[in-house]
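Data first, discussion second: the structure below is written as structure tokens.
2 protein chains.
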Amino acid sequence: MRRSAEQTRGRILEAAYKLFRRQGYNRVTMDNIAEAAKLTKRTLYHHFNSKDQLLADVLESQHHLAVQAFRSFGDGLSGSAETIVQAMFQDLAVWADRPRWAGSGFTRLVIELADLPGHPARLIARRHKAKLEKCFGELLAQSGVGRPNKLARAVWLLSEGAVSLILVHGDRGYSAAASEAAITLVRHHLKNNGPELLPV
Amino acid sequence: MRRSAEQTRGRILEAAYKLFRRQGYNRVTMDNIAEAAKLTKRTLYHHFNSKDQLLADVLESQHHLAVQAFRSFGDGLSGSAETIVQAMFQDLAVWADRPRWAGSGFTRLVIELADLPGHPARLIARRHKAKLEKCFGELLAQSGVGRPNKLARAVWLLSEGAVSLILVHGDRGYSAAASEAAITLVRHHLKNNGPELLPV
DNA sequence: TGAAGTATACTCAATAGTGAATTTACATGA
DNA sequence: TCATGTAAATTCACTATTGAGTATACTTCA
Numbered sequence: 123m124r125r126s127a128e129q130t131r132g133r134i135l136e137a138a139y140k141l142f143r144r145q146g147y148n149r150v151t152m153d154n155i156a157e158a159a160k161l162t163k164r165t166l167y168h169h170f171n172s173k174d175q176l177l178a179d180v181l182e183s184q185h186h187l188a189v190q191a192f193r194s195f196g197d198g199l200s201g202s203a204e205t206i207v208q209a210m211f212q213d214l215a216v217w218a219d220r221p222r223w224a225g226s227g228f229t230r231l232v233i234e235l236a237d238l239p240g241h242p243a244r245l246i247a248r249r250h251k252a253k254l255e256k257c258f259g260e261l262l263a264q265s266g267v268g269r270p271n272k273l274a275r276a277v278w279l280l281s282e283g284a285v286s287l288i289l290v291h292g293d294r295g296y297s298a299a300a301s302e303a304a305i306t307l308v309r310h311h312l313k314n315n316g317p318e319l320l321p322v
Numbered sequence: 123m124r125r126s127a128e129q130t131r132g133r134i135l136e137a138a139y140k141l142f143r144r145q146g147y148n149r150v151t152m153d154n155i156a157e158a159a160k161l162t163k164r165t166l167y168h169h170f171n172s173k174d175q176l177l178a179d180v181l182e183s184q185h186h187l188a189v190q191a192f193r194s195f196g197d198g199l200s201g202s203a204e205t206i207v208q209a210m211f212q213d214l215a216v217w218a219d220r221p222r223w224a225g226s227g228f229t230r231l232v233i234e235l236a237d238l239p240g241h242p243a244r245l246i247a248r249r250h251k252a253k254l255e256k257c258f259g260e261l262l263a264q265s266g267v268g269r270p271n272k273l274a275r276a277v278w279l280l281s282e283g284a285v286s287l288i289l290v291h292g293d294r295g296y297s298a299a300a301s302e303a304a305i306t307l308v309r310h311h312l313k314n315n316g317p318e319l320l321p322v
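Keeping their order, the protein sequence lines are chains Y and V.
Counting from 123, one number per residue, gives the positions in the first sequence under the working numbering.
Counting from 123, one number per residue, gives the positions in the second sequence under the working numbering.
Right under this line is the structure:
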């Protein structure tokens with residue numbers, strides 16, 4: 123089955139991501155992944171050198187998917203900064219409401235590996251979060267707000283906080299609270315940094 | 123050494139917390155803990171039935187310590203809501219600046235166990251976070267602000283977000299951004315909910 | 001035929017938990 | 001006051017299992 127290599131690889135990445143996202147790194151075994159991808163462990167090792175390597179590749183591929191998803195989310199919007207932020211938290215609420223939701227796979231894995239600063243997965247996760255924050259800033263810039271990156275960061279903080287606290291409490295109320303606080307910040311920001319007539 | 127039981131137990135709890143906080147649950151072994159507490163694994167099992175049980179007891183004891191610490195933090199303050207919030211983020215910045223800081227042990231463990239909703243450690247962590255948020259609300263109430271719990275939650279979200287993002291990026295700039303956003307929220311809140319002349 | 005892909009069946013180390021014996025500190029009786 | 005019984009505290013050496021990674025052989029397609 124020479125031709126299916128890429129396909130097999132994809133199937134493994136997908137199965138591995140599902141498991142890592144839900145159960146973290148340590149509690150997922152290579153056997154689990156093999157079973158989920160419907161092949162044997164030996165085949166897994168044919169495609170990936172090690173568990174760490176697999177994790178890194180999984181995050182790399184998810185990174186691209188997430189950036190794409192964010193871009194298409196942004197393309198669907200074309201309103202004020204307030205509209206954008208509202209849509210974002212709306213999305214968060216829907217996302218966090220899924221049955222066995224267990225937070226962002228990236229955040230989860232970074233935290234699990236928090237004491238291993240040099241781990242490749244951490245570097246990828248870091249790049250990922252930075253990229254999304256940047257994309258969000260660009261989206262806000264398009265809406266014409268001044269100092270978009272500053273606003274993006276503040277809103278991003280609320281969103282990350284909401285993810286953490288929803289996980290801890292299982293209470294989606296935190297999403298609404300974060301949304302409200304974010305809107306307040308947006309309005310305040312608009313007053314002080316004004317919507318620029320000529321977006322930079 | 124009949125009398126030292128309580129002492130030994132304490133030593134174990136302390137050593138276990140240090141390890142769990144830094145390395146999470148799965149990557150810490152009972153042997154590690156025994157070694158850190160300078161005793162054998164069998165003694166560990168004399169004091170605690172299982173690793174899960176130990177984790178639960180560790181969090182329980184840390185919960186009490188953290189609440190005490192927060193209370194004494196609160197007692198040292200007696201200013202406006204703005205002062206309180208500023209002090210809080212100042213504390214966060216100092217805390218996160220410690221050499222091998224790895225975030226809040228509670229958040230970390232909850233996230234690691236995110237897919238095990240019934241785990242006793244999660245219930246304790248949940249109670250813990252709720253309690254701290256409540257204490258924070260009470261502190262704000264003392265400063266005379268209206269709807270203190272609402273403000274507390276918004277600020278708390280920023281603080282949790284900052285912890286996450288500092289962990290991901292190792293960049294303390296997030297603490298400053300969170301602090302600034304929090305101050306903005308406080309001022310806005312004071313304008314709309316006014317400092318009540320007669321604190322409820 | 002040959003190389004990519006897959007399977008069976010293994011190795012070796014690590015780890016949660018245990019069995020049984022040993023030591024220690026205190027309470028009690030003489 | 002001092003021997004001594006006793007239960008708590010501790011140790012050493014073990015089991016059973018799990019999990020990352022591998023040796024080798026078989027299969028399929030170009």
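Yeah, the Cβ is synthetic: ideal placement off N, Cα and C, and Gly gets one too.
The model shown is predicted, which means the values in this text are computed figures rather than measured ones.
- Between the region 193-212 of chain V and the region 247-260 of chain Y, the count of Cβ pairs shorter than 8 angstroms is below three; the stretches do not touch.
- Between the alpha carbons of glutamine 129 (chain V) and threonine 306 (chain V) lies a distance of about 47 angstroms.
- Remark: C-beta atoms of alanine 247 (chain Y) and valine 267 (chain Y) do not approach each other more closely than 9 angstroms.
- Spatial neighbours of leucine 238 (chain V) in its own chain (CB-CB distance under 8 angstroms, excluding positions within 5 residues in sequence) are listed in chain order as Arg244.
- Classified as buried, glutamine 145 (chain V) has 16 or more neighbouring CB atoms from the shown chains inside 10 Å of its CB.
- With a cutoff of 9 angstroms on beta-carbon distance, glycine 198 (chain Y) and glutamine 264 (chain Y) are scored as not near each other.
- For phenylalanine 228 (chain Y), the enclosing alpha helix (DSSP H) starts and ends at 227-234.
- With respect to the C-alpha of alanine 300 (chain V), the residue from Y:Val285, Y:Leu280, Y:Met152, Y:Leu135 having the closest C-alpha is Y:Leu280.
- When C-alpha distances from arginine 220 (chain V) are compared across V:Gln175, V:Gly240, V:Arg275, V:Val285, the shortest belongs to V:Val285.
- Contact fails between the region 184-193 of chain V and the region 148-168 of chain V, because fewer than three Cβ pairs, one in each stretch, are under 8 angstroms apart.
- About 6 angstroms separates the Cβ atoms of phenylalanine 211 (chain V) and serine 297 (chain V), confirming a contact at the 8 angstroms cut-off.
- The residue from V:Ile155, V:His291, V:Ala209, V:Lys253 with its alpha-carbon nearest to that of phenylalanine 228 (chain V) is V:Lys253.
- Listed along the chain, the chain Y residues whose CB falls inside 9 angstroms of the CB of glutamate 234 (chain V) are Gly146, Asn148, Arg149, Arg230, Ile233, Glu234.
- Isoleucine 155 (chain Y) places its beta carbon less than 9 angstroms from that of leucine 176 (chain Y).
- Non-local beta-carbon contacts of isoleucine 288 (chain Y) in its own chain, meaning distances under 7 angstroms to residues more than five positions away in sequence, involve Ala218, Arg294, Tyr296, Ser297 in chain order.
- Close CB contacts of alanine 304 (chain Y) within its chain, under the 7 angstroms cut and outside five residues either way in sequence, are with Val207, Phe211, Val277, Leu280 (chain order).
- Distance from the CA atom of glutamate 282 (chain Y) to the CA atom of glutamate 282 (chain V), rounded to whole angstroms, is 7 angstroms.
- With contacts defined as CB atoms closer than 9 angstroms, histidine 291 (chain Y) and lysine 251 (chain V) qualify as a contacting pair.
- Rounded to whole angstroms, the Cβ separation of arginine 149 (chain V) and asparagine 148 (chain Y) is 6 angstroms, and the two are in contact under 8 angstroms.
- Sequence-distant partners of methionine 152 (chain Y) (beyond 5 residues in either direction) whose C-beta falls short of 7 angstroms from its own C-beta, in its chain, are Lys163, Leu166, Lys173.
- Taken through DSSP and simplified to helix, strand or coil, valine 150 (chain V) comes out as coil.
- Chain Y has no Cβ within less than 9 angstroms of the Cβ of lysine 140 (chain V).
- Taking a Cβ-Cβ threshold of 8 angstroms, none of the residues of chain V is close to aspartate 213 (chain Y); the smallest such distance is about 17 angstroms.
- The Cβ atoms of leucine 235 (chain Y) and serine 183 (chain Y) lie no closer than 9 angstroms to each other.
- Residues of chain Y whose Cβ lies closer than 8 angstroms to the Cβ of serine 286 (chain V) are, in chain order, Thr229, Ile233, Glu282, Gly283, Val285, Ser286.
- The residue from V:Lys140, V:Arg143, V:His169, V:Leu141 with its alpha-carbon nearest to that of arginine 131 (chain V) is V:His169.
- Contact check for histidine 311 (chain Y) against lysine 272 (chain Y) passes: the beta carbons are separated by less than 9 angstroms.
- Taking a C-beta cut-off of 8 angstroms against chain V, none of the residues of the region 187-215 of chain Y qualify.
- Cα atoms of leucine 261 (chain V) and serine 194 (chain V): separation of roughly 11 angstroms, rounded to the nearest angstrom.
- Runs of the alpha helix (DSSP H) lying entirely within the region 177-223 of chain V, each at least 4 residues long, are 203-218 in chain order.
- In this structure serine 200 (chain Y) is exposed. Its beta-carbon is surrounded by fewer than 16 other beta-carbon atoms within 10 angstroms.
- Taking the beta carbon of arginine 133 (chain V) as reference, no residue of chain Y falls within 7 angstroms; the closest one sits roughly 22 angstroms away.
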